[in-house]
Every structure is written in C-alpha cells, then in structure tokens.
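Participant: All letters in the sequence shown, in the order written, are residues -19 to -1, 1 to 542 by mature numbering (1 follows the signal peptide of the UniProt record, and there is no 0). Ideal Cβ positions, reconstructed from N, Cα and C, are used throughout, including at glycine.
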Amino acid sequence: MGKAIIFMIFTMSMNMIKAETCKSIDKGPVIPTTPLVIFLEKVQEAALQTYGHKGFDAKLFVDMSLRENLSETVEAFNKLPRIVNGSILKSDLDGFIGSYLSSPDKDLVYVEPMDFVAEPEGFLPKVKNSEVRAWALEVHALWKNLSRKVADHVLEKPELYTLLPLKNPVIIPGSRFKEVYYWDSYWVIRGLLAGKMYETAKGIVTNLVSLIDQFGYPPVLATMIVGIFNQTGDLNLVRRSLPALLKENHFWNSGIHKVTIQDAQGSNHSLSRYYAMWNKPRPESSTIDSETASVLPNICEKRELYRELASAAESGWDFSSRWMSNGSDLTTTSTTSILPVDLNAFLLKMERDIAFLANLVGESSTASHFTEAAQNRQKAINCIFWNAEMGQWLDYWLTNSDTSEVDIYKWEDLHQNKKSFASNFVPLWTEISCSDNNITTQKVVQSLMSSGLLQPAGIAMTLDFPNGWPPLQHIIIEGLLRSGLEEARTLAKDIAIRWLRTNYVTYKKTGAMYEKYDVTKCGAYGGGGEYMSQTGFGWSNGVVLALLEEFGWPEDLKIDC
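Structure (structure tokens):
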C-alpha cells in the first residue's frame, strides 16, 4: 500500500548486523529475520506453486499463525509429499494449513472504541449541508468497524504469531490490511480528533512509542503527539513520548541514513534518505519480489534490488517511477541513491515539533538543540532541493555507484530530478521560509497549477496517472493553507472540494471508502499495483474528516460531481 508499515519489522531496526559483502555493492546494514517468518515465506512459496497466481495474495501466508510450536510445524511441512516439479498437491497443502496454521482473522478481535459517540458534541460545525453532514457521520461511524485489539492468545504466546503484541486498541486500515501501519496512523488520528476520540488517539500513539526500541522510526510520530496535545493539553503524554522521539530523530540523522552534501557555494549540509536494513525479498511479498529479481544475473544484484524495494516500501511510495532510473523497469529501483524532498520535509517538521514539545515540559536545552537543527535542515532543503526555474523542491540523485562509502557529495544541478511529483510540494506543509517567502509561495502555487498533477478529482502522485493517495492531498492542501497567501488558500479549497466530491460520490455508488482514488475523473477509485484496490479505509476516512473540519461545506454547495 503506498507506505512503510509496522508489520515490516525487518526494515527499520536499531539492532543492526553487518551484511555479508557482495562484491562492491550492497554494503549497508542488514538485520536478521525470525525463524517463524522464514518458515512462513516457504509456505507462501509452496502455496503459489500449488494454487497458482490467480487470486493469490502473498501477504495472507505470512500473516498466519501457528497452532503448534515451530519445530513440530516445520517437521510436518517437510514431510508433505512433493510431486515431480517439487510442488505439493492441493489436498495435502490444504490439510497441512488446516491442521497446523490459523487464519489471522482471530488474532485481532473487534473492540468497541471507549470514546466513540455517534454524533459528538461540536462535530464539524462548519458543515452546514445536511447531506454532507449525514455522510460525515457515516464516515465517523466507520471507526467502529475498524477498531481492533490484539487477542489474548497472541499476548500469551507471541512466538506463534507475526502480529505485534500491542497493548492498546488500534484502528486498522481495512480489507487485507489487518494490522497497524505507522504512516496511516497520522491521518487516522486526524480523523479521530475531528470526532473527539481522544483516548483512542492516545492509545495509538502509546502503541507506537512502545515499538520504537524494537522496530521502526517513520518520521511523523511527533506531529501526531502535537495534534493530540493541542486538543487535550495532555502533558503526561508529552513527557512519556519525548525519549522515543529523540531516538526516532537519531535514527534518521545517523549512520547509513545521514548524507552530507556540499552546495554550490561550498557549504556542507546534512540530509537524510531511506535505506532499509534488509536485502532479501520482503516477507509479505516474497514471491513477488523473487519473481521481479529473477531477471537479474546474480545474487549480488538481487540483494541490492531487494534492499531498494524494501526502501521504497519504507517511504510509503511503493512503487513509483520516482525511485526508478528507468520509470518502466522496476528492477532499476534506486531508492537509497536519492535524497527525498518529502522525507526531509517530514524531518524538519519533526525537529520543530520536538522543540515545541520539549519547551512544554521544561527541557530547554533539548528545545534549543532542535530549534537549531530545524534551522539547519530548512537551509539544506532550500539549498539542495529548491529549483527556482520550476518553482518546486526536487529530489536529488546521489550518483556514486557505492553510495555507502562517500563522505561528502558535491551538489550539481544536473542531479536534481526535474520531473514533477506530488512530493515536490511537501515542504509547504512545514511552513518553510525562504529569503522572500511570498514570492516563493507564489511560484510554488503557479507551478502546482501548471505541473499537470492537478486533475479533476485531486492531485496525482506522478504524471504517470491516475492514482491520488489521501495523505498527499491532505499534506499539500494543508501546506497551501499554512502559507498565508490568499491565492494558495483559494487553491487549497478548490483541491479539497474536488477530493471530497470524489470520495462522496464513490461512497454513494459503492458503499465504501477506498485506499486511493482515480483523480482523472470524479467518483472513481484507484487501481493498479501489487493488489486490488482496498476498502475501509483508515487514512481516507481521516483525511475526509480533517478536510471537512477545516473547510466545512456550505448548505448551497452541491456535493455531487
């Protein structure tokens, strides 16, 4: 799904081990997987051989749990008879799965959200249209459908499960995505806050904080905490979370993620990149990644590709021509060779948020440190990414063939990626300032309008069309609002209306909220990628409610396409 997820525990751990050297490439860190995941990948591979590609969902098999201990299960699997091509008869595999594995459906069980109210007091006061208000209340009610808690049997024997044993209730995205996803959680929380579901939002953050020591560090947790504090004033949450935020920030600003680059004037800047600590097929897509890499000539190049694919998944843009040197060839994915605009904008926001939170609890030295860090990153973003001719911030390609061994890169204009992506406009969300802020904002607004990304139903991710993802709509809309420029606010409102209309009309036609939408026409959901378009849907619901909270909907404005 267009993001880095908590289930992929292998992508972002601090407990690193050195990878086996493979000639001169892929020298980055690698973390070990678990015997359970390795075994379930073998089941996944066998299932593909037995059942075939039609309707096959690789993720299902690594989501399964064990009925017995691992050694007994592996022994039974190895005893299954194989036919000539090494595959297992359907009846034998069906019998094994039925006897030794369990569906993940019972591992996360329904729980009534403790703070859900069908129509909260003060809910979306700017929405005056009765039709839109009724729809908004239906979207709000979807939180009940998506609310889950980890079952007691998972907490009692976590070694039998790949599901993480979280203590607090969660909101899942929906459909095939039956676990917590870090990227999604920010927009879920925005929607929960619009519905006054403060305790559920706090529980989600507490879960994420508890995972930081073990697993991963996508850079939006601080912004979640600021949002909750602004509505609840909960200083205890801030105090409990601050140490985890410092660890998260260190992760992105050290080791293989940190890149030093010298600008055209000879000044050095530190920026960050995605670099998954993994060089094998992603477990939930193991058969897919193996097939993608099968055209490469040797294990060295395959390991490098696996790392690049995992890094793209870490970004939330999996998969996009943005990461490819050849936009039509997935094997040319080169995520670790790119300094991404959006990641560094998120980290700028993180540093400002940490400074704000540290000040709240009297940590003045921490606040000063992160205020200075934010100033340095803002300067780096404008020096390395900004392109005045295009009026956009552009990803920067690192060109050395072994990016892990270069101490300082030297900026060159030709290494900016001159293609328009929605991510090029994310710095607006951070309220970034330049030497003449209004002129820059005007350029960005004009550039967005002429980029080709703005479509009848929202903003496309790339010029490849047609998909638009809810988080980027919200980030760009909110960024335009924060600029303070009237022209930008007008554009933000226009995009919000387009997006809300297509969500509403699709919902009325299908009865569902979707993971992504076709922005080339109003009232159509998106498609393509590794799986069918999914419904539910956590971040889509959150974005709709956040936009209605901001803009409302007047009584006389039609909601149909």
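With burial defined as no fewer than 16 other Cβ atoms inside 10 Å of the residue's Cβ, what is the status of Met95: buried or exposed?
Facilitator: Residue numbering aside, residue 95 sits at position 114 when the sequence shown is read from its first letter. With fewer than 16 Cβ atoms within 10 Å of its Cβ, Met95 is classed as exposed.
Participant: What three-state label does DSSP hand Thr314 in the structure shown?
Facilitator: Along the sequence shown, one-based indexing puts residue 314 at 333. Three-state result, Thr314: strand.
Participant: Quick one, which of Glu353, Gln423 and Leu320 has its alpha-carbon nearest Met371's?
Facilitator: Walking along the sequence shown from the start, residue 371 turns up at place 390. For Met371, the closest alpha carbon among the candidates Glu353, Gln423 and Leu320 is that of Gln423.
Participant: Please classify Glu353: is it buried, with 16 or more other beta-carbons within 10 angstroms of its beta-carbon, or exposed?
Facilitator: Numbered from its first residue, the sequence shown carries residue 353 at position 372. Exposed: under 16 other Cβ atoms inside 10 Å.
Participant: From the DSSP output, in three-state form, read off Met305 for me.
Facilitator: Residue mapping note: residue 305 aligns to position 324 of the sequence shown, counting from 1. Strand at Met305.
Participant: Buried or exposed, going by whether 16 or more other CB atoms sit within 10 Å of the CB of residue 546?
Facilitator: Because the chain here runs from -19 to 542, residue 546 falls outside it and cannot be looked at.
Participant: If I measure Cβ to Cβ from Lys391 and keep anything under 8 Å in the same chain, skipping five residues before and after, which residues do I get?
Facilitator: Looking up residue 391 in the sequence shown gives position 410. Cβ within range, chain order: Ile242 and Gln243.
Participant: Would you call the stretch 397 to 414 and the stretch 435 to 443 in contact, with 3 or more CB pairs under 8 Å?
Facilitator: Per the Cβ contact rule, the stretch 397 to 414 is in contact with the stretch 435 to 443 (3 or more Cβ pairs under 8 Å).
Participant: Name the residue from Lys87, Ser315 and His455 whose alpha carbon lies nearest to the alpha carbon of Ser296.
Facilitator: For the purposes of this step, residue 296 is taken as the residue at position 315 of the sequence shown. Nearest option by C-alpha distance: Ser315.
Participant: In whole angstroms, give me the CA-to-CA distance for Asn50 and Ala57.
Facilitator: For this step, residue 50 is matched to residue 69 along the sequence shown. For this step, residue 57 is matched to residue 76 along the sequence shown. Cα to Cα, Asn50 sits roughly 11 Å from Ala57.
Participant: In angstroms with no decimal places, state the Cα-to-Cα distance between Leu41 and Pro150.
Facilitator: Locating residue 41 in the sequence shown gives position 60, counting from the first residue. Locating residue 150 in the sequence shown gives position 169, counting from the first residue. When rounded, the distance between both Cα atoms is 22 Å.
Participant: Within 10 Å of its beta-carbon, does Thr143 have 16 or more other beta-carbons around it, so buried, or fewer, so exposed?
Facilitator: Residue 143 sits at position 162 when you count from the first residue of the sequence shown. Flag for Thr143 reads buried.
Participant: Take Val120 and list the residues in its own chain whose beta-carbon comes closer than 7 Å to its own, dropping the five residues that flank it on each side.
Facilitator: Position 139 of the sequence shown, counting from 1, holds the residue named residue 120. Contacts found: Met494, Asn522, Val525 and Leu526.
Participant: Going residue by residue through the stretch 75 to 112, where are the continuous beta strand (DSSP E) segments of at least 3 residues, counting only ones entirely within it?
Facilitator: 89 to 91
Participant: Taking a contact to mean a Cβ-Cβ separation below 8 Å, would you say Glu459 touches Trp410 in this structure?
Facilitator: For the purposes of this step, residue 459 is identified with residue 478 of the sequence shown, where counting begins at 1. For the purposes of this step, residue 410 is identified with residue 429 of the sequence shown, where counting begins at 1. With contacts defined as CB atoms closer than 8 Å, Glu459 and Trp410 qualify as a contacting pair.
Participant: With DSSP as the reference, label residue 548 as helix, strand or coil.
Facilitator: Because the chain is modelled from -19 through 542, residue 548 falls outside the range shown and cannot be assessed.
Participant: Quick one: give me the first and last residue of the beta strand (DSSP E) that Ser292 is part of.
Facilitator: Numbered from 1 along the sequence shown, position 311 holds the residue referred to as residue 292. Careful: Ser292 lies outside any beta strand (DSSP E), inside the alpha helix (DSSP H) at Ile280 to Ser296.
Participant: Do Ile12 and Met258 have their C-beta atoms closer together than 8 Å?
Facilitator: As a first step, residue 12 is located in the sequence shown; it is residue number 31 there, counting from the start. As a first step, residue 258 is located in the sequence shown; it is residue number 277 there, counting from the start. Yes. Within cutoff.
Participant: Cutting at 7 Å between CB atoms, please list the residues of its own chain near Trp233, excluding the five before and the five after it.
Facilitator: As a working mapping, residue 233 is identified with position 252 in the sequence shown. For Trp233, the CB contacts under 7 Å within the same chain, skipping 5 residues up- and downstream, are Tyr198, Pro200, Ser253 and Leu328 in chain order.
Participant: At 4 residues or longer, and completely inside the stretch 454 to 527: list those alpha helix (DSSP H) runs for me, N to C.
Facilitator: 467 to 491
Participant: To the nearest angstrom, report how far apart Val276 and Leu141 are at their CA atoms.
Facilitator: Start at 1 with the first residue of the sequence shown, and residue 276 comes out as number 295. Start at 1 with the first residue of the sequence shown, and residue 141 comes out as number 160. Going by the C-alpha atoms only, they are around 35 Å apart.
Participant: Going by Cα to Cα distance, which pick from Gln397, Leu338, Ser345 and Ala348 is closest to Cys364?
Facilitator: Position 383 of the sequence shown, counted from the start, is the residue given in the question as residue 364. The shortest Cα separation from Cys364 among Gln397, Leu338, Ser345 and Ala348 belongs to Gln397.
Participant: For the beta strand (DSSP E) holding Asn249, just list the boundary residues, first then last.
Facilitator: Start at 1 with the first residue of the sequence shown, and residue 249 comes out as number 268. Taken as a continuous stretch (DSSP letters only), the beta strand (DSSP E) holding Asn249 covers Asn249 to Ser253.
Participant: In the DSSP assignment, find the unbroken beta strand (DSSP E) run with Lys130 in it and report its ends.
Facilitator: On the sequence shown, position 149 is the one that residue 130 refers to. Unbroken beta strand (DSSP E) run through Lys130: Ser128 to Val131.
Participant: Taking the alpha-carbon positions, what's the Leu74 to Lys60 distance?
Facilitator: By 1-based counting over the sequence shown, the position of residue 74 is 93. By 1-based counting over the sequence shown, the position of residue 60 is 79. Between Leu74 and Lys60, the C-alpha separation is close to 11 Å.
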